[in-house]
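In my numbering, the protein residues as written are 45 to 481.
In what follows, a structure is listed as structure tokens, so that the remarks can point back to it.
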Amino acid sequence: MKSVSKITLVIFGVLFSTSLFAQNTPQQAKALIEHLKDKKYKESLGFFSPGFAKLVTEEKIKLSMQSIEQMNGAIKSISDDITSSTRDTFTIYAVPVEFEKASVTFRVTLQTDGKVAGFFLDRPKEKIEQALVNNAFVNEQLIAITNGNFTLTGIYTKPVGKTNFPVVVLVHGSGPNDKNETIGPNKPFRDIALGLAKRGVGVIRYDKRTFMYANDASTDTNGITVFDETINDAITALQFAKTMQGVDTNAVYLCGHSLGGMCAPYISAKATNIAGAIILAGSPRPLEDVILDQMKYLLGTDAESKKQLQVIEKRVKAAKSPTLTTNTSPETLPLNLPGNYWLSLREMLNPKHGQNVPQSVRFFIAQGERDYQVTTTDYKAWDTYWGNRKNITKKLYPTLNHLFMEGTGKSTPTEYQAEGHVADILLDDIATFITKK
Numbered sequence: 045m046k047s048v049s050k051i052t053l054v055i056f057g058v059l060f061s062t063s064l065f066a067q068n069t070p071q072q073a074k075a076l077i078e079h080l081k082d083k084k085y086k087e088s089l090g091f092f093s094p095g096f097a098k099l100v101t102e103e104k105i106k107l108s109m110q111s112i113e114q115m116n117g118a119i120k121s122i123s124d125d126i127t128s129s130t131r132d133t134f135t136i137y138a139v140p141v142e143f144e145k146a147s148v149t150f151r152v153t154l155q156t157d158g159k160v161a162g163f164f165l166d167r168p169k170e171k172i173e174q175a176l177v178n179n180a181f182v183n184e185q186l187i188a189i190t191n192g193n194f195t196l197t198g199i200y201t202k203p204v205g206k207t208n209f210p211v212v213v214l215v216h217g218s219g220p221n222d223k224n225e226t227i228g229p230n231k232p233f234r235d236i237a238l239g240l241a242k243r244g245v246g247v248i249r250y251d252k253r254t255f256m257y258a259n260d261a262s263t264d265t266n267g268i269t270v271f272d273e274t275i276n277d278a279i280t281a282l283q284f285a286k287t288m289q290g291v292d293t294n295a296v297y298l299c300g301h302s303l304g305g306m307c308a309p310y311i312s313a314k315a316t317n318i319a320g321a322i323i324l325a326g327s328p329r330p331l332e333d334v335i336l337d338q339m340k341y342l343l344g345t346d347a348e349s350k351k352q353l354q355v356i357e358k359r360v361k362a363a364k365s366p367t368l369t370t371n372t373s374p375e376t377l378p379l380n381l382p383g384n385y386w387l388s389l390r391e392m393l394n395p396k397h398g399q400n401v402p403q404s405v406r407f408f409i410a411q412g413e414r415d416y417q418v419t420t421t422d423y424k425a426w427d428t429y430w431g432n433r434k435n436i437t438k439k440l441y442p443t444l445n446h447l448f449m450e451g452t453g454k455s456t457p458t459e460y461q462a463e464g465h466v467a468d469i470l471l472d473d474i475a476t477f478i479t480k481k
């Protein structure tokens with residue numbers, strides 16, 4: 045059974061963008077991790093594909109590993125119990141690694157020639173109760189949102205000493221995200237929740253269905269759609285938000301990141317009585333086009349990279365085909381996702397849904413200029429999507445990446461393994477957008 049927890053949605057989940065390898069074997073994956081364990085950062089560069097090598101340096105690898113070890117302690121042992129999965133032409137090896145403070149899985153992606161295109165760590169499990177914040181400014185409590193047979197655990201974060209305040213529901217990017225949208229040591233949704241609560245705005249965040257029910261047959265990728273994965277639960281969460289203590293039921297907002305931002309117009313058209321939506325690094329363009337652009341950024345110009353890109357381009361063409369059906373083989377489509385998923389994306393992105401959003405619903409579209417996963421091309425595409433619609437505010441942030449965290453220079457996959465926090469300027473702008481009359 046394929047569960048959505050195994051989907052590496054390249055563009056929004058950040059997973060695929062941080063993984064790729066030299067002989068295509070589990071031993072090659074383990075060898076890279078051993079080099080990182082022994083701090084042989086310069087030597088580790090020899091494992092990388094030309095495309096990945098152009099994005100990283102010895103210093104960036106070193107900083108990423110220092111951040112990983114700061115969170116988990118030093119690597120104690122590397123298991124030989126290695127499993128694998130395939131995505132397009134890549135093989136992703138899952139290598140269990142024992143750190144001093146946690147047991148974590150390294151995922152290393154190899155090209156067909158065995159070169160490394162990247163690597164990343166699965167998030168370690170944490171005790172959410174211990175992570176709740178309660179101080180003079182913010183109060184957090186555990187919540188449970190039920191949609192049919194699915195119950196999603198979450199956290200309600202509210203400002204202390206306030207009543208009748210606006211509330212925002214956070215909607216994840218693709219892949220099996222937890223309530224904090226944890227990526228390496230980073231927790232952007234936690235940053236947003238605490239930051240907005242300090243600014244007088246309540247926030248609801250929850251574990252995604254594909255995170256909580258990763259091994260459930262009902263989330264099997266052979267049958268799942270974007271409505272099952274994201275949209276239906278987001279609409280339920282928006283209704284749930286109106287029942288929370290202290291909330292102004294006329295000031296309920298949606299905040300979608302990446303895939304969540306892509307879904308925002310559809311959700312806004314279908315949800316009942318929401319005041320507005322914030323789109324963070326979202327795109328109105330077809331997901332397959334966004335994926336292709338990302339891979340062009342990540343892959344090199346060598347013969348092997350060109351071969352990989354040709355395969356991806358062929359799969360993108362298949363996703364666009366008018367003959368695409370639910371019976372189309374996933375092995376011919378991007379990310380090995382089935383036809384029904386791509387068909388559901390087509391329906392969700394139909395501009396008619398944006399046209400059906402009530403004119404009273406306001407939108408704030410934010411984009412980091414250093415984001416290589418969703419780019420300024422996507423940001424500009426919103427102008428065509430919305431046409432002459434009013435009540436839209438847009439803003440570019442020159443120094444922010446896909447997680448809306450500060451950085452300099454060209455953004456790279458390894459950047460996500462260094463601890464950062466969502467920029468205050470974005471939090472200020474979101475709070476201002478929500479609270480302005």
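The beta carbon of each residue, even a glycine, is placed where N, CA and C say it ideally should be.
Since the model is a prediction, treat every value here as computed from it, not as a measurement.
Using the Cβ count rule (16 or more neighbours within 10 Å means buried), how would you classify residue i?
i	result
Thr153	buried
Lys350	exposed
Thr156	exposed
Leu186	exposed
Val245	buried
Asn116	buried
Gln461	buried
Thr428	exposed
Gln352	buried
Start and end of the beta strand (DSSP E) containing residue i?
i	result
Tyr297	291-301
Arg249	246-250
Asn183	182-191
Gly320	320-324
Tyr137	134-143
Tyr385	First-last for Tyr385: 383-393, but that is the alpha helix (DSSP H), not the beta strand (DSSP E).
Phe496	Here the chain has residues from 45 to 481 only, and residue 496 is not among them.
Pro203	194-203
Ile436	436-441
Leu154	147-154
Near residue i, which residues of its chain fall below 6 Å by C-beta distance, leaving aside the five closest residues on each side in sequence?
i	result
Val418	Ala325, Ser327
Phe92	Val160
Arg253	Phe194, Asp277
Leu440	Gln411, Glu413
Ala66	Note that Ala66 scores a pLDDT of 36, beneath 50, so its modelled location is shaky; the value from the coordinates is reported in the next line. If we look at Ala66 and ignore the five residues flanking it on each side, its Cβ neighbours are Gln72, Phe91, Gly158, Lys159.
Tyr423	Gln411
Leu107	Ala462
Thr293	Lys286
What does a CB cutoff of less than 8 Å around residue i pick up in its chain, not counting 5 residues either side in sequence?
i	result
Thr437	Arg406, Phe407, Phe408, Ile409, Phe477
Phe255	Ser49, Pro220, Asn221, Asp222
Asn179	Val204
What are the start and end residues of the alpha helix (DSSP H) that includes residue i?
i	result
Ser218	Counting along the chain, Ser218 falls outside any alpha helix (DSSP H), and DSSP gives it neither H nor E.
Phe233	232-242
Arg253	253-256
Thr479	468-479
Ile119	It is not in any alpha helix (DSSP H) - Ile119 instead sits in the beta strand (DSSP E) that spans 119-122.
Thr428	420-430
Leu343	Neither: Leu343 is in no alpha helix (DSSP H) and is coded neither H nor E.
Gln411	Note, Gln411: premise wrong, no alpha helix (DSSP H); beta strand (DSSP E) at 406-412.
Ala161	Not the alpha helix (DSSP H): Ala161 falls in the beta strand (DSSP E), residues 160-165.
Leu76	70-81
My assumption, with CB atoms under 8 Å, is that residue i sits in contact with residue j. Please give the rounded CB distance.
i	j	result
Arg249	Leu214	4 Å
Leu76	Phe163	7 Å
Asn384	Thr201	Going by Cβ atoms, the distance from Asn384 to Thr201 rounds to 35 Å, so no, they are not a contact pair.
Gln403	Asn432	Going by Cβ atoms, the distance from Gln403 to Asn432 rounds to 11 Å, so no, they are not a contact pair.
Thr376	Arg359	6 Å
Asn380	Arg131	6 Å
Tyr137	Ser147	Incorrect: roughly 17 Å between the Cβ atoms, too far for contact.
Leu471	Ile236	7 Å
Taking 8 Å as the CB-CB limit, is residue i close to chain D?
i	result
Asn384	Protein chains in the displayed structure number just one, and chain D is not present.
Spatial neighbours of residue i within its chain, please: C-beta separation below 7 Å, excluding the five flanking residues on both sides.
i	result
Ala281	Ile189, Val213, Ile248, Tyr250
Leu238	Val177, Val182, Thr201
Leu343	Gly95, Ser349, Gln352, Leu353
Leu336	Ile356, Glu357, Val360
Asp82	none
Gly305	Ile323, Leu324, Ala325, Gly326
Ser88	Leu76, His79, Leu80, Ile105
(request) Flag this pair as touching only if the region 411-431 and the region 308-327 have three or more C-beta atom pairs under 8 Å; answer yes or no. (result) Yes, the region 411-431 touches the region 308-327.
(message) Can you confirm whether the region 141-151 touches the region 193-210 when touching is taken to mean that 3 or more C-beta pairs between the two stretches lie within less than 8 Å?
(response) Touching, no.
(message) Quick check: the region 202-218 against the region 271-282, are at least 3 beta-carbon pairs closer than 8 Å?
(response) Yes, since at least three Cβ pairs between the region 271-282 and the region 202-218 fall closer than 8 Å, the two stretches touch.
(message) Between the region 440-447 and the region 96-111, can you find at least three pairs of beta-carbon atoms closer than 8 Å?
(response) As far as the Cβ criterion goes, the region 96-111 does not touch the region 440-447, which means the pair count is below three.
(request) Spell out a yes or no on whether the region 99-118 and the region 358-367 are touching, meaning 3 or more CB-CB pairs, one atom from each, closer than 8 Å. (result) Flag = no, the region 99-118 and the region 358-367 do not touch.
(message) Below 8 Å, how does it come out for the region 103-114 and the region 372-379: are there three or more Cβ pairs, yes or no?
(response) Short answer: they don't touch.
(message) Three or more C-beta pairs under 8 Å: does that hold for the region 307-319 against the region 394-402?
(response) They touch, by the three-pair rule.
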